[in-house]
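Participant:
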Amino acid sequence: MTNPGGEGLAFILAADPTLPEGSDWQWFGIVNASTNEFSQVVAIEFDTRQRLQSYPKDLEDFHVGLDVNSIYSIEQAMIHGRGSSMMAKILLSVNGTGEYMPMIFWRLNLSNHLPEMVYVGFSASISNYIELNCIKSWEFDVEDIDEGLELLWVWITVWITVPAVLIVIISGIVFYYFWERKHREQPEDAYPRIEDQIRGSSMAPRKFKLRELRSIFTSDSVGWGGDDAGGWG
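Laid out in structure tokens, this is it:
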């Protein structure tokens, strides 16, 4: 790296891999003056040059920052140890007290700032100075949380749906068995409702109670005929 150095390097996750026009100098090749704070990008910047005129909260040279949709870091940490020692320590100063904590820990939901498909890589820019950024090795791991949740919901659905379907099928079989058994035990009448049909006919014989018959036979309306003929009157 030249001394003084250039602007630094950034590891980015971006929705669009296209290099924005006018994104040199402090913009890290990520955004420009118009798209800053409006771009779908999350970056870890390794800043090697302080620019208080563009960002008054920018730390001194050699710091790490977490950038969300902008190069204005929402969190920063100093980098101590550089040069021939080949040792780099990333520390975070809390409230300017001089007490340092290792690394940056920041709870960030990427789905609120990035689309489902993103591009991953590195970006850098030059200004009136040039620096050589050398990445010896890097690794990027992700955990597919959504797929795990989808599998969980699939298992929950299976465990609920399959027993419910089996219960319905078994209940139907049991109901049909008892219904069929009940109808087998009751033989079908060869002349269904025949008594109702006879009762409804105009020529059907009438039924009389014993009390009614007694009153008929003891009354004058019933008796034997005269001398010439006999019978019911």
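For the sequence shown, counting from 1, position 77 maps to 77 in the numbering used here; every step adds exactly one.
We put the beta carbon where it would ideally sit given N, CA and C, even for glycine.
Everything numeric in this text was worked out from a predicted model, so none of it was measured.
#1: Looking at C-alpha atoms only, which residue of H63, I160, W25 and S70 is the closest neighbour of A77?
#2: May I ask you to list the residues that DSSP assigns as paired with A43?
#3: Where does S215 fall in DSSP's three states?
#4: Just mark E45 as buried or exposed, buried being the case when its beta carbon has 16 or more other beta carbons within 10 Å.
#5: So, for S73: in the same chain, excluding its five sequence neighbours on each side, which residues have a beta-carbon less than 7 Å away from its beta-carbon?
#6: Taking only the alpha-carbon atoms, compute the straight-line gap between K57 and T157 and give it to the nearest angstrom.
#7: Given this structure, state the Cα-to-Cα distance separating A43 from L110, to the nearest angstrom.
#8: Per DSSP, which residues does A124 bridge with? Please list them.
#9: Using only CA atoms, which one of A164, T161 and F122 lies nearest to P17?
#10: Taking only the alpha-carbon atoms, compute the straight-line gap between I170 and K182 and give it to the nearest angstrom.
#11: When you compare the CB positions of L13 and G29, do they come within less than 8 Å of one another, or not?
#12: Which same chain residues end up closer than 6 Å to Q40 when comparing Cβ atoms and leaving out the 5 residues on each side of it in sequence?
#13: Should D239 go down as buried or exposed, given a rule of 16 or more other Cβ atoms within 10 Å for buried?
#14: In three-state terms, what does DSSP make of Q50?
Facilitator: The relevant details are as follows:
#1: If you number the sequence shown from 1, residue 77 lands on position 77. Comparing Cα positions, the closest option is H63.
#2: The residue labelled residue 43 in the question sits at position 43 within the sequence shown. In the DSSP output, where bridge partners are listed per residue, A43 has I12 and D67.
#3: Taking the sequence shown and counting its residues from 1, one reaches residue 215 at position 215. S215 sits in a helix when the DSSP states are folded into three classes.
#4: Mapped onto the sequence shown, residue 45 falls at position 45. So E45 counts as buried.
#5: Within the sequence shown, residue 73 is the residue found at index 73, counting from 1. Excluding sequence neighbours, S73 sits near E45, G65, L66 and D67.
#6: Along the sequence shown, read from residue 1 onward, the residue named residue 57 stands at position 57. Along the sequence shown, read from residue 1 onward, the residue named residue 157 stands at position 157. Straight-line Cα distance between these residues: approximately 51 Å.
#7: Counting from 1 along the sequence shown, the entry for residue 43 is found at position 43. Counting from 1 along the sequence shown, the entry for residue 110 is found at position 110. A straight line joining the alpha-carbon of A43 with that of L110 spans about 11 Å.
#8: Within the sequence shown, numbered from 1, the residue matching residue 124 stands at position 124. Bridge partners of A124 according to DSSP: L9.
#9: Reading the sequence shown from its first residue, position 17 is the one you call residue 17. Ranking A164, T161 and F122 by Cα distance to P17 puts F122 first.
#10: Counting from one through the sequence shown, the residue named residue 170 turns up at place 170. Counting from one through the sequence shown, the residue named residue 182 turns up at place 182. Near 19 Å, if we compare the C-alpha coordinates of K182 and I170.
#11: As a working note, residue 13 is residue 13 in the sequence shown. As a working note, residue 29 is residue 29 in the sequence shown. No.
#12: Here residue 40 refers to the residue found at position 40 when the sequence shown is read from its first residue. Exclusion of the five residues before and after Q40 leaves A15 and L114 as the residues of its chain whose Cβ lies within less than 6 Å of its Cβ.
#13: As displayed, the chain neither begins before 1 nor continues past 233, which places residue 239 out of reach and without an answer.
#14: Within the sequence shown, the letter at position 50 stands for residue 50. Of the three classes helix, strand and coil, the one that applies to Q50 here is coil, per DSSP.
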